[in-house]
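In the UniProt record's numbering, the protein residues as written are 1 to 439.
The beta-carbon is built from N, C-alpha and C at its ideal position, and this holds for glycine as well.
Here is the structure we will look at.
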Ligand code: B12
């Protein structure tokens, strides 16, 4: 049997799938699913952002991933394949969070971690006994995966790093977070040996860098410490994301740097304490952010930030004040979204219960448009404040201040000039009304 696995590309504003010449941030799901497939079957992977979908394929079983508002494209692809008589499986975050809705457009939905059900699904399909739903989640503790089948995507135009995963989930339960929704505050990890095996595979494929795409590498500091010791000996550069409080851990920060970690990304969300509290993220203390950021930067690790505007206690003034925060802390490449209730999350249920939703089309839920009423501003004002914040931070003056006018510049001009170019690209996107994103 032939199986076609598709990572759809979200639509642009003209409802055409976004296309790029190169994909930097490759997902791990499809190379892993391919590795989990019994070897007697042939697997093809399509990354739609780089290539067109072969709708006339001779594959029997079509597996489609789904992420955020991109699920609209996943559904359209699913419907087209079903019209052509194929058996379609939907999986990934969005299908997991809205399985009932997803089921309307496919033959079966996989909810949660596919490692636990994929081979059973294939065997059921072969026996003509496919179930409508396969649901299973990794629980607290450890998990294991085969090495991902990167050989199936090596001919595609990828960036200079590949993904590796050590753990899934996060001990926090922030109300807006899809990860919290699926993993419910649990954190599961792979053995250090298995992670090392996967990094070695990336290295053997000729890469010098990897992206550790865990949700929070600071979830288990003992485990992280052991992992860093091993990563260090592999002589690779890497990036990841985690809880900002790692900024107070000098010993860990030193080990991170020594192990080749170059950049960490932090979901800081907001500089307004009460907004963080309303997101169930009061463990994050905005008054500590400057000190923590500085300590991470002083250890030689770049800080990248993800923030949201439109938290419950935000005002037009606090959104404007975010500009000074980003500049004062010399954040090279800041990114923002409007706080958005993603269907399936606790935040969505709360906003829906309070009758505050003003948009229904899931395509508005892409983080660039206000979709619910806010106590301190109208949805239009919020959307405008969001774009104004972006514009104010991507002036030539601000780009210069954040990237060139910093004490680290003389020591590594090449890196900060590269960030300047990324900023200029973001500036161009913002001027076109496109939210900068990392892919
Ligand atoms: C790398 C990444 C990307 C990359 C690469 C995506 C890609 N092309 O694969 C880029 C940067 C392009 C990207 C883009 C976006 N992403 Co993204 N991304 C991630 C990230 C960090 C890692 C994904 C990954 O590889 N994980 C490791 C694998 C093994 O886990 P997995 O993807 O969950 O897959 C497992 C299961 O879900 C399942 N599964 C997944 N797909 C399928 C398909 C089938 C057929 C089956 C059976 C099973 C299955 O099996 C896998 C093994 O168990 C996740 C965070 C995370 N925790 O996963 C966010 C995440 C998935 N992304 C998210 C979002 C919102 C987006 C965007 C919409 C952002 C935006 N505003 O533009 C876009 C949409 C892009 C799209 N194609 O539609 C959200 C999804 C939230 C949600 N409710 O759906 C996440 C969870 C981040 C977050 N915390 O909010 N993303």
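- When C-alpha distances from residue 274 are compared across 175, 355, 313 and 343, the shortest belongs to 313.
- For residue 65, the Cβ falls inside the 7 Å cut-off from some heavy atom of the ligand B12.
- For residue 293, the enclosing alpha helix (DSSP H) starts and ends at 289-298.
- With distances taken between CA atoms, residue 146 lies nearest to 35 out of 329, 35, 339 and 337.
- At a cut-off of 7 Å, the beta-carbon of residue 239 does not count as near the ligand B12: no heavy atom of the ligand is closer than that.
- Distance from the CA atom of residue 9 to the CA atom of residue 427, rounded to whole angstroms, is 22 Å.
- Contact between residue 111 and residue 99 is confirmed by a C-beta separation of about 5 Å, below the 8 Å threshold.
- According to the DSSP assignment, residue 379 belongs to the alpha helix (DSSP H) that extends over 379-393.
- DSSP lists 377 as the bridge partner or partners of residue 374.
- If you check the CB distance, residue 306 and residue 265 come in under 8 Å.
- Burial of residue 239 is indicated by the presence of at least 16 other C-beta atoms within 10 angstroms of its C-beta.
- Here the distance from the Cβ of residue 94 to the nearest heavy atom of the ligand B12 is below 7 Å.
- Less than 8 Å separates the beta-carbon of residue 124 from that of residue 130.
- Remark: C-beta atoms of residue 66 and residue 90 approach each other more closely than 8 Å.
- When the alpha-carbon of residue 40 is set against those of 2, 108, 71 and 77, the nearest one is in 2.
- Residues of the same chain with a CB within less than 8 Å of the CB of residue 116, apart from the 5 flanking positions on each side, are 136, 137 and 138 in chain order.
- Secondary structure at residue 261: strand, using DSSP grouped into helix, strand and coil.
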